[in-house]
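Residue 870 is where the sequence shown starts when you use the working numbering, and the numbers rise one by one after that.
Below is one structure; the comments refer to it alone.
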Amino acid sequence: MVRVLELFEQLCDAEDEAVQRTLAREPREIRIRVLGMLAADRGGAEIPSEDEVLWALAEDLLDDLSDLPSEWTPPRHLPDIDLLRELGRGGMGVVFEARQHRPDREVAVKFLGPAYASAAEEAQALATLRHPAIPIIYQVGQHQGAVYLVMERVRGRPLLEWAEGRTVDERLAMFLALCDAVQHAHDAGILHRDLKPSNVLVDDQRAWVLDFGLAWSEGHGPNGVIGTLPYIADEVLGGATASRASDVFSLGVLLAELLGGPRPTGGSRGSVSMQRRMRLKNPPSSWNHHPIPELNSIVRCALAPIGERYPTVRALARDIERFRQHRPPEAHKGGALYGL
């Protein structure tokens, strides 16, 4: 497995003749695996089904995007709270459906993984957020060495499922509700860092932005790349610190999908290096898949490099409002960077 990864990194930019010459000295199984990875990387195609396990292992070895060890087990109980069932597990921690005794209410409990054992102070900042689209964090605590958040339990349909059959204006109105929630967090100095469709639920026409438990105060938080590869801004993949503008990028990817187009950054499999190479070949800011040119311009501006991108979520939202009011968006006029 290690040899496969070494060869892939060595040959990903090599000429075909050099690839064949190098692989000729390797066992057949290694040749097949490396060629499959190279073909997918160069063509932007999905990895063949027989390579699914290999791809997952490659992702773990190359980038270690998840700080949560697979063998890590969170506490199975909390004082005054019954943990009912596990709802989800990700790089940041584990979420449970739970019942709080005092007051008697249904809640969700998120345990942060071992890498975030010192995150209680940062997590307290999340509890100050009050917005109709952000689940309330009732309590932040520590138990058996694990930081946990007791949150409002919300339900709803996944954003892209909700969007099926909706008009463009309905989709944009829902997107503006998301923008308002993220801007509210930014105004409080909080970044989200993992904005994506699966972190948005819609319940009775109300949007919920989930997983602010991955958010951190701007300028703080753990080192390294955090988030889901296709939604991570170019500059963050390159090693820059996450910022408000990187959340704008994530919203731009989400908007492209919400409008029914293909994801500008391709699939979710692979490594940081693979994602960066793919974007060099097919820049996200070249997205042009909607029949309405103004919407293409808005998406492209949200995905543009730093300095050309909308500087804030508010700027992105204002351009969408302009479009809904039948006025030309600033991005479509070529002047997205206006003062706020």
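All C-beta atoms in this analysis are idealised placements derived from N, C-alpha and C, irrespective of residue type, glycine included.
Given the structure is predicted, the values throughout are model-derived calculations rather than measurements.
Quick check on the burial criterion: 16 or more other C-beta atoms within 10 angstroms. Buried or exposed for residue i?
i       : result
VAL871  : exposed
GLY962  : buried
ALA893  : exposed
PRO1162 : exposed
PRO1180 : buried
GLU1126 : buried
SER1140 : buried
Hey, how far is the Cα of residue i from the Cα of residue j?
i       : j       : result
ALA1057 : VAL1051 : 10 Å
ARG1135 : PRO972  : Arg is not the amino acid found at residue 1135; the sequence shown has Gly there. For GLY1135 and PRO972, the distance between alpha carbons rounds to 45 Å.
ALA992  : PRO1174 : 30 Å
VAL976  : VAL1117 : 30 Å
ARG1132 : VAL978  : 31 Å
ARG1035 : ALA1042 : 11 Å
ASN1165 : HIS1000 : 29 Å
VAL1016 : GLN1144 : 32 Å
PRO1198 : SER1119 : 20 Å
ARG945  : LEU1045 : 38 Å
PRO943  : GLU990  : 19 Å
GLN1008 : LEU1018 : 6 Å
SER1142 : ALA1186 : 31 Å
PHE877  : PRO948  : 50 Å
ARG1075 : VAL1182 : 19 Å
ALA1109 : SER1115 : 10 Å
LEU1106 : ARG1169 : 18 Å
ARG1040 : GLY1130 : 13 Å
VAL1078 : PRO896  : 49 Å
VAL888  : ILE1167 : 40 Å
ILE1189 : ALA1200 : 10 Å
List the whole-angstrom C-beta distance separating residue i from residue j, where the pair is believed to meet the contact cut-off of C-beta under 8 Å.
i       : j       : result
VAL964  : LEU952  : Not confirmed; about 10 Å, so no contact.
ALA1212 : LEU1124 : Residue 1212 lies beyond the residue range present for the chain, which begins at 870 and ends at 1209; the question has no answer from this structure.
ILE950  : ARG968  : 7 Å
LEU907  : CYS881  : 7 Å
ALA1002 : LEU1047 : 7 Å
GLU1030 : PRO1004 : The Cβ separation is near 19 Å, so there is no contact.
PHE1081 : LEU998  : 7 Å
ASP1038 : ARG1193 : 6 Å
ARG958  : GLU966  : Between GLU966 and ARG958 the Cβ distance is about 13 Å, and since that is not below 8 Å, they are no contact.
Taking DSSP as the reference, what is the three-state secondary structure of residue i?
i       : result
GLU921  : Note on GLU921: pLDDT 39, under 50, position unreliable in the model; the coordinate value appears next. Residue state, collapsed to three classes: helix.
ASP1072 : strand
HIS970  : coil
HIS1158 : coil
TYR1007 : strand
MET961  : coil
ILE1101 : coil
LYS1202 : helix
GLU975  : strand
GLU1033 : coil
ASP1116 : helix
ASN1092 : A caution first: ASN1092 carries a pLDDT of 49, below 50, which makes its placement in the model too unreliable to give a value.
ALA893  : coil
GLU1039 : helix
ARG1191 : helix
Less than 7 Å between CB atoms is the rule here; does residue i satisfy it with respect to chain B?
i       : result
ILE1005 : Any reference to chain B falls outside this structure, which holds one protein chain only.
| task | Flag this pair as touching only if the segment 1100-1116 and the segment 1055-1064 have three or more C-beta atom pairs under 8 Å; answer yes or no. | result | yes
| message | Does the contact criterion of 3 or more C-beta pairs under 8 Å hold for the segment 1070-1080 versus the segment 1023-1040? | response | yes
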